[in-house]
Structure formats: C-alpha cells, structure tokens
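Participant:
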Amino acid sequence: MTSLRAEDTVQDLPTVTFGQRSLMWWGTLGFMVIEGWTIALLLVSYLYLRQSAGAWPPAPAQSPSLSMPSINLGLMAISVIPAMFAARAGQRLDEPALKRWLVVLSVVAMAILVLRWWDFEALRVRWDANAYSSAAWMIVGFHSSLLLLDVLDTIGLTLFLFLRRQPVKTFSDAADNSFYWYFTVGIWLPIYLITYVGPRVI
Amino acid sequence: MSSLGDEAAAGTLDARDVTREADALEHTWRDRPGLWGWLCTVDHKSIGRRYVITAFAMFLAGGIEAALMRTQLARPENAFLGADRYNQIFTTHGTTMMFLFAVPMMTAMGLYFVPLMVGARSVAFPRLNAFGYWTYLVGIGLLYVALLTNHAPDTGWFAYVPLSESLYAPGHRVDVWAQLVTFTEIAALCAAVNIIVTVFKMRAPGMSVHRIPLFVWSQLVVACMIVFAMPAVAAGSTLMLAADRAIHMQWFIPARGGDVLLWQHIFWFFGHPEVYIIFLPALGMVTPIVETFCRRPVVGYGAIVMANIATAFFAFGLWVHHMFATPLPELGDSLFTAASLVIAIPTAVQICCWIATMWTGRPRLTVPMLFVLGFLFTFINGGITGVMLASVPFDRQAHDTFFVVAHLHYVLVGGAVMPLFAGLYFWFPKFTGRMLDNGLGKWHFWLFLIGANVAFFPMHILGLDGMPRRVYTYQASTGWGPLNFLASVGAVTLAVSVVIFLVNVLRTWRNGPIAGPNPWGAPGLEWAVASPPPPYNFVHSPVVSSAHPLWETSNALPVMTGLRTDRREVLITTTFDARPDARHSSPRGSIWPLYLALCMGVLFIGSIFRPYWVLVGIGLSLIGLFGWGWQSSRPIERERIATPNGAIVERA
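If you read the sequences in order, they're chains A and B. When the count follows the numbering used here, it moves up by one through the first sequence with no breaks and lands on 206 for the last residue. When the count follows the numbering used here, it moves up by one through the second sequence with no breaks and lands on 994 for the last residue.
#1: Taking the alpha-carbon positions, what's the A/Gln15 to A/Leu51 distance?
#2: Please state whether DSSP places B/Leu346 in a helix, a strand or coil.
#3: I'd like to know whether the C-beta of B/His590 is nearer than 8 Å to at least one C-beta of chain A.
#4: So for A/Pro62, helix, strand or coil by DSSP?
#5: Quick one: is B/Leu490 buried, meaning 16 or more other Cβ sit within 10 Å of its Cβ, or exposed?
#6: Out of A/Ala44, A/Leu167, A/Trp185 and A/Thr199, which one is the CA nearest neighbour of A/Ala113?
#7: Please state the DSSP three-state secondary structure of B/Ala994.
#8: Mind checking if A/Ser138 is an interface residue toward chain B, Cβ cutoff 8 Å exclusive?
#9: Is the Cβ-Cβ distance between B/Thr477 and B/Met942 less than 8 Å?
#10: According to DSSP, B/His926 sits in a beta bridge with which residue or residues?
#11: Is A/Trp185 close to chain B, meaning its C-beta is less than 8 Å from at least one C-beta of that chain?
#12: Whose Cβ in chain A lies nearer than 8 Å to the Cβ of B/Ser927?
#13: Of the residues that make up the segment 38-52 of chain A, which ones have a beta carbon closer than 7 Å to any beta carbon in chain B?
#14: Taking 8 Å as the threshold, find out whether the segment 942-953 of chain B comes into contact with the segment 586-595 of chain B through three or more Cβ pairs.
#15: Using 8 Å for Cβ pairs, my map puts B/His663 next to B/Ser682. What's the rounded Cβ distance?
#16: Run down chain B in chain order and give the residues with a C-beta less than 7 Å from the C-beta of A/Arg128.
#17: Is the segment 896-912 of chain B close to the segment 426-439 of chain B, with three or more CB pairs under 8 Å?
#18: Give me, in chain order, the residues of the same chain whose beta-carbon lies closer than 6 Å to that of A/Pro62; leave out the 5 immediate sequence neighbours on both sides.
#19: Can you say whether B/Ala351 is buried or exposed, counting buried as having 16 or more other CB atoms within 10 angstroms of its CB?
#20: Mind listing which residues of the segment 900-925 of chain B have their C-beta closer than 9 Å to chain A's C-betas, in chain order?
#21: Can the beta-carbon of B/Tyr618 be found closer than 8 Å to that of B/Met567?
#22: Out of curiosity, what's the CA-to-CA distance linking B/Ala686 and B/Ile697?
#23: What are the boundary residues of the beta strand (DSSP E) that B/Glu419 is part of?
#24: Which whole-angstrom value describes the C-beta separation of B/Pro639 and B/Ala920, a residue pair presumed to lie in contact below a C-beta threshold of 8 Å?
#25: Measure from the alpha carbon of B/Phe744 to the alpha carbon of each residue in B/Ala797, B/Pro810, B/Asn795 and B/Ile554, then state which is nearest.
#26: Is it the case that the Cβ atoms of B/Val445 and B/Gln561 are separated by a distance below 8 Å?
#27: Put A/Asp12 into one of helix, strand or coil per three-state DSSP.
#28: Do you know how far the Cα of A/Thr21 is from the Cα of A/Ser176?
#29: If you drop the 5 nearest sequence neighbours on each side, which residues of the same chain put their C-beta closer than 6 Å to that of B/Met343?
#30: Give me the subset of the segment 499-529 of chain B whose CB atoms are less than 7 Å from a CB atom of chain A, sorted by chain position.
#31: Let me make sure I understand the geometry here. Which of B/Gln973, B/Leu791 and B/Thr915 has the alpha-carbon closest to that of B/Leu712?
#32: State buried or exposed for B/Tyr428, treating a residue as buried only when at least 16 other CB atoms are found within 10 Å of its CB.
#33: Thinking C-alpha only, which one of B/Met582, B/Arg930 and B/Ser839 is nearest A/Ile43?
#34: Do B/Phe443 and B/Gly613 have their C-beta atoms closer together than 8 Å?
#35: Hey, quick one: how far does the alpha helix (DSSP H) through B/Met567 stretch, first residue to last?
#36: Quick check on DSSP: helix, strand or coil for B/Val503?
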C-alpha cells in the first residue's frame, strides 16, 4: 500500500498539556508505582520478620525515638502546601508565582533532607545489629534515596526556570514534580507508622 | 481541528508531497552520522535491534554453557569440568538465559514493534529506552568478565540463602550475581514503563482498546507484570542480599533474627511471574503469525485478551509452588496447588483459539507456522508436567531432580524460544528488508524440534529415577549414563540447528531476496511502512477502524496530517478510545543515557568492593542528570499550551 488518504489534520492540537494528557505524568506515575511497590514489599518483609521474633525490637535495642521523626513528618506535611501552590501556578502559567513557590519548596525540601539524618539517629540501633535494625534502616534509607531524587529534581527545575530554559514546558513539569512530591510525602506516612510507631504497638 | 471530510484534507495525498515530507522527516529524525551518532541514538528501532542482537548473543553464550554442561554429563565420572567450574557454568547458564536472554529479548521485540504496531513515530521516552539498553549491556559485561576471570556466581540462578551469604559464599561471586540482577531489573523496568505509556497514550487515532493488536496486548500485560514483579527481586538482591554481604545487614541471618525463607518468598514472588513475563509475549507473537498464514482474523480476540490478563493475575498467586519442599502450612500448599492448576486454563483458552483459527482458516506451512506448530506440541508437554508438579505429593518426590529441569526446558524452549524463532522468521523482513531462506529455515525447524525433545525428554526419566539437579557428575552404577548421553546428543542437534539459523541470517541479511513492505500479506500496521522502516516510522499518523487495518483498507491508508516535519513530534491520543489529543516534542539523540548507565556501573559494581563507590556513583550521576535535564529544557519556539481549565494559550 503506497497511497495515503488524509482524513483530518492534527496541526491545531496543543503541544504542551498537563496531568494525564501529558506523557511525563504517566511516566512519573509508572515510577511512583514501582517505587511504592518496592517500599510495600520492604514493609511486608519487615512485618514478616516481626512475626517470627519474640520481642520487637529484639533486645537490647530500644523502640525508635519519636520526637525528631514526628517533627520531620510535620515538616513534610507542611511541604505539601508550597508543592500545591507551585502546581497551581504552573497550571495558571503564572511564571513569577511558580518561581516563588519552587524556591520555597526547594528550601523546605532541603530542610527535610537534612532532618533525615536525625530520622536515622532516632532508630537508636545500628543497621548491622539484627534483622530488625537492617529492615528499619533499609526502609528509611530507600525512602531517603527517593527524597534525594525529588529534592534534586525540584532544585534543577527551579534553576532551569531562573535560567529561562524552555519556561513553557516547565509549567507542566512543575505540576508533575509536585505530583511526585505528594507521593514522596504520602508514602512516608506508612513508613513512619510501621517503623517508628510500630515497635511500640506490634 | 478541522472536521472530518474537510475538502482541503480529504482525498488521496499527492505522492510528490508525501515524498517531500518524508525527506524532511528523514532529515529531522535520522541519527547523526558516525560513532557519536551511534552512541547517542534514541531511535526505538536502533535500540530494539541492538537489544535483539545482544539478547541473541546471550542465547548463544547460554547455549555454549549448556553444551559444556552436557559434555560434562554425557558420561559418568567425567573430568571435563571440575565441580567448581561446573557450579559457575550452571549458574551463569540459568542467569544468562533468564535475565540476559529471555526477558530482554521479549521486551526488545516490544520496544521495536509496539510503536510500529500502534502507528506511533517513537516510544514515549526514547532516552529512557537507550538508558535501559546501556544498563543491560553493563550488566552483561559484569557477568562475563567475572566468568572469564573465574569469579562467576556459583550458587544457582536463584542464589538461595544461606548458601549465598558471606559465610558460605565468601569472595565476590554472589555479589556479581546480585548486582547483575540490579542492572537487568533497571533495564526491564525502563522498558516496561516505556511500553505502558506508549500503548496508553500513543496509539493511532481510532485504535480503541478493542482494536489493539494482540501482540501489543501481550506486551502491555507483561509490562504491567514487570512493574510488580521486578521490584521484588530488586529489593531481594540489591537491598537485602547485597546489603547483607556488603555492609553486614542481617536480613537472612537466623542467629540475628533473619529468615532464610524470606528470600525464597521474595525471589519466587518475582520468579514465577518471570516465567509468564517470558512466555506471554511469545504467545503474543503466535497470534499474528497464525492469523497471517491462516488468512483470517484470530478466533476469540476478546478471549485471548482476557486470557492474558487472567494469566498475569494468577501468575502472582502461585509462587509458593516453588517452595513445597519447605515447611509451610498445609492449607497454604493446597491454595497454591489450586492456583497452579487454574493458571493452565487461560493458556488452554489461547491454544484453543489458535487451533480454531487454523481449523477454520487456510493454513500455509511456512517456517514461522512450522515453529508455531512445534511450539504447540512441545509446550503442551511442558504444561502437562507443570500440572503434575503442582501436586504437592508429586512435587516433593520430583523436587530438585532432573524432572524439574525437563519441565522448565519444555516450557521455556517450547513456550518461548520456538515462538520467538517463529517471530524472528516472520519479522526478519521488517528488521532487514530481506527474506530468510526457506530451505534452511525448515532444516533449522526440524533439527530444533528433534534436538529439543531428544535433549529434554530423557531428563524426565532421569528425574523420576532420582538424578538430582546441579550435580557435576554421577557414578556409573546409577545407570544414568545412557540417558544422559542421549540428552547430550540432543543438545548437539540443537546446537547444529542454531548454527543453521545463524548461517541463514548471515547469508540473507545483506544478500537475501528483497522483502518489500508486506511480504506475507499481514494485517498489522507495522507492514504499512517500508522494510526496514524509516527513522520516523510513519509520514502521517495512520487512522485505524479495525483490529486488522491492512486487511480492511482496500485502497489508500487513511491518515491524519499535521504533525510537524521540522522537529521531532509525536501524536498523543486519549487512553481508551485513542482520539487525537496533543502533539508532543520527542527528544533528539543524547549521550546522557550512556553516561548515566556507566554511572550506574560505577555505583553498583563499585559497591561490591567498597561502599563509598555508591557515593562516587551518585556524584557522577548528578552531572548526568543535570545534562539530561539541560538538554530537555533547551529553549524552543512558540508552543500551544492546553491549560487544565480548557483554555489554549500560545506562548514562547
């Protein structure tokens, strides 16, 4: 078959779209599922180890401290606000507001990353002490790698926006970045409940 | 958008205009010349072709390892390979065939053909695709350098703990296995996300869900399986086993509260779906071949789609049948026996659909069809022994014997390699523009079919007679010598058949008969473009009104014009009914995927030796991520933005 018959034209379609009309949104969703599922498997493994252990955490380890992890959890919850405003600014194509909220989000995200150090300290046990400590360290560590990636993405996006590198597409990218940020914060909640609060109740 | 039937748009396009646009697209989409262009390519066909060739090279490597094992086992108390070398070779054989041949080969076929079959110009994320391939290549380098330097893994392709823990497996052999798995998982996940998003968002206008080609359906289902299966083995190998070995974590150390069965659960939660990840795309290849050579649409399109989805669903519910020999609750055993029996049903549905298609069609016994028939015969045998092994009392007798080796080879060689060869004969003209030789193809088929059965059938009897797996030799008094010798003769026959295939490929790649766009008269969109396809795939987006577009279009192929020719642009359509929705730009070639894959190499291979290499790898990756983002964000011209509130705004 060599001849082609034109039925219509697509030349008037938009070239930048948001949300599920955008490829990047679907790609982000795909990696959120993969990473979320990996964390789910780690948490299930943690609970699997717990069921065959007598005491949890095994002696002489203590239950994790809750103070700093709770503060960081609160900060993460607050960080959703600049992420949401950044997404909305992107959707309104409001470049000054987008810059402003991305800067705020970058600062808050870096603060969360710094506080993560004390989340590890709060476990009050070394990673190589026993299976419990290994599981807890690995779960928090894996989430930290996602957090690092998202912080870098946010800072990079902010930087590119100030350098005026393709500002138009950044509107959509900023919305997707916030989408991923919600995931990074949301997936921390079951981790916090199981690895920090859990040892006191299970 | 102008309405359908617009006078300016309707009607056959002038051939000279089409040629002019094709020339412009060629200029826009082609790779840069030379080595740099080769390293930077993000063309899904170049990447797919490299994947296929590399994965086939791994098939040959795994075959050579099999030949070495069969030489060792051909007679009792043979001294050809020592125990240690034998352990490395059987581990490398299994690891190669599962991680480096079968899964990459099946995803490679998807990465090459899915965009062509859905009428798209590229995959959703071309640079991610290239990154996946280079990461896979780094993994191959790791395993084979280790093998050639006597450091290959030696604890089996599933690396059971505690055998694979530092106490029983000192040195770095198991670390090589664990990190190799990491590379292949990254590659598979990149491919899976690419295939899912390409199928969801880049189908040709009109290709609603009930018109998606069945090969594409199988790739979509498998990509979704990869998303849920691969994280399990990535977690198990990288975050648990490698961490136990490198930084003294205690996941699997019972004295410190660890649990060895946790590894088996995690591994087989991935490992059993893995079989279907290999096998479903192979079944996806069978359908278009049966349709094409029976000259009729397949019987039971909807049933086959549902069978694929049901298989994927059940595949995650029967991993424990690999663990029947461990102390698990009897109720659990019963549940997993039932699930293992039930999964035979959707596969049987597909087989019945193909038989009905052949029965009511006009079959032509071409080489691809011969391989399909060989697949049906061999795979059904493997399926039946699978049903036998689903029974706990039988499994406990046959567990870890050659019966299981026979079963898995009937399933994988019959159920995946034979359909793969059918697919390679069927689509070779599309890859290369040339036809493979029919006579050599028939020699290949018959020797392969006979060789596979002679090699693997005796293993059933050996297993029932008690011969265990993974032993490097046996005593003459066992009486296993003659059947082992027969199996080795079968292996030689298989090797000869594969050599014939290679000769066929090498002879015809450059000098075979010219194929033309559609040498078989097949119905799929991939046959609407030249063989091999141009870098942009389609001059204009095809419009689809059936599941067999080329059979239902009598004159000119209906298309939608309007995608730009002066920049790489792809058409985005809606998820369910594939209505045109947007035009997105697609990236040009880039060196950053290769750079980042090498950074992953530094990170994961370095971590085998010193944990600080993880930080070095992350540091180097930052440069790559910045470069990747910088390239994505280059200033471009005006864009039409569709805001979430429905407005269209033009802005630079």
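The beta carbon of each residue, even a glycine, is placed where N, CA and C say it ideally should be. Being a predicted model, the structure only gives us computed values, none of them experimental.
Facilitator: The answer reads as follows:
#1: So the alpha carbons of these two residues sit roughly 54 Å apart.
#2: Because B/Leu346 carries a pLDDT of 38, less than 50, the predicted location of this residue cannot be relied on, and the following value inherits that uncertainty. It is coil, neither helix nor strand.
#3: Chain A, which has a Cβ nearer than 8 Å to the Cβ of B/His590, makes this yes.
#4: In the three-state scheme derived from DSSP, where H, G and I count as helix and E and B as strand, A/Pro62 is classed as coil.
#5: Around the Cβ of B/Leu490, a 10 Å sphere holds fewer than 16 other Cβ atoms; the residue is exposed.
#6: The residue from A/Ala44, A/Leu167, A/Trp185 and A/Thr199 with its alpha-carbon nearest to that of A/Ala113 is A/Trp185.
#7: In the structure shown, B/Ala994 sits in coil (DSSP, three-state: anything other than H, G, I, E or B).
#8: With 8 Å as the cut-off, A/Ser138 counts as an interface residue toward chain B.
#9: The answer is yes: Cβ separation under 8 Å.
#10: For B/His926, the pairing in a beta bridge is given by DSSP as B/Val912.
#11: It does not; no Cβ of chain B falls within 8 Å.
#12: Chain A residues near B/Ser927: Thr19.
#13: If the cut-off is 7 Å between Cβ atoms, the segment 38-52 of chain A has Ile38, Trp41, Thr42, Leu45, Leu46, Ser49 and Tyr52 near chain B.
#14: Verdict: yes, contact present.
#15: Between B/Ser682 and B/His663 the Cβ distance is about 5 Å, and since that is below 8 Å, they are a contact.
#16: The contacting residues do not exist; A/Arg128 stays about 16 Å from chain B at best.
#17: Flag = no, the segment 896-912 of chain B and the segment 426-439 of chain B do not touch.
#18: Contacts found: Asn134 and Tyr136.
#19: In this prediction, B/Ala351 scores a pLDDT of 45, lower than 50, which makes its location untrustworthy; no coordinate-derived value is stated.
#20: Residues of the segment 900-925 of chain B with a Cβ closer than 9 Å to any Cβ of chain A, in chain order: Pro900, Val901, Met902, Thr903, Gly904, Leu905, Arg906, Glu911, Val912, Leu913, Ile914, Thr916, Thr917, Pro922, Asp923, Ala924 and Arg925.
#21: Yes.
#22: Their Cα atoms are separated by approximately 16 Å.
#23: Boundaries for B/Glu419: no beta strand (DSSP E) harbours it, and the DSSP string shows neither H nor E there.
#24: Rounded, the Cβ-Cβ distance is 19 Å, inconsistent with contact.
#25: The closest CA to that of B/Phe744, considering only B/Ala797, B/Pro810, B/Asn795 and B/Ile554, is found on B/Pro810.
#26: No, these two residues do not count as a Cβ contact at 8 Å.
#27: A/Asp12: strand per DSSP, three-state reduction.
#28: If I take the Cα positions, the gap works out to 7 Å.
#29: Confidence in B/Met343 is poor, its pLDDT being 37 and thus under 50, which makes the residue's placement unreliable; the coordinate value appears in the next sentence. The answer is none, since no qualifying residue turns up.
#30: Taking 7 Å as the Cβ-Cβ cut-off against chain A, none of the residues of the segment 499-529 of chain B qualify.
#31: Ranking B/Gln973, B/Leu791 and B/Thr915 by Cα distance to B/Leu712 puts B/Leu791 first.
#32: So B/Tyr428 ends up on the buried side.
#33: Looking at the Cα atoms, B/Met582 is the closest of the given residues.
#34: No, the Cβ-Cβ distance between B/Phe443 and B/Gly613 is not below 8 Å.
#35: In the DSSP assignment, B/Met567 falls within the unbroken alpha helix (DSSP H) covering Leu556 to Ala576.
#36: Note: B/Val503 maps to coil in three-state DSSP.
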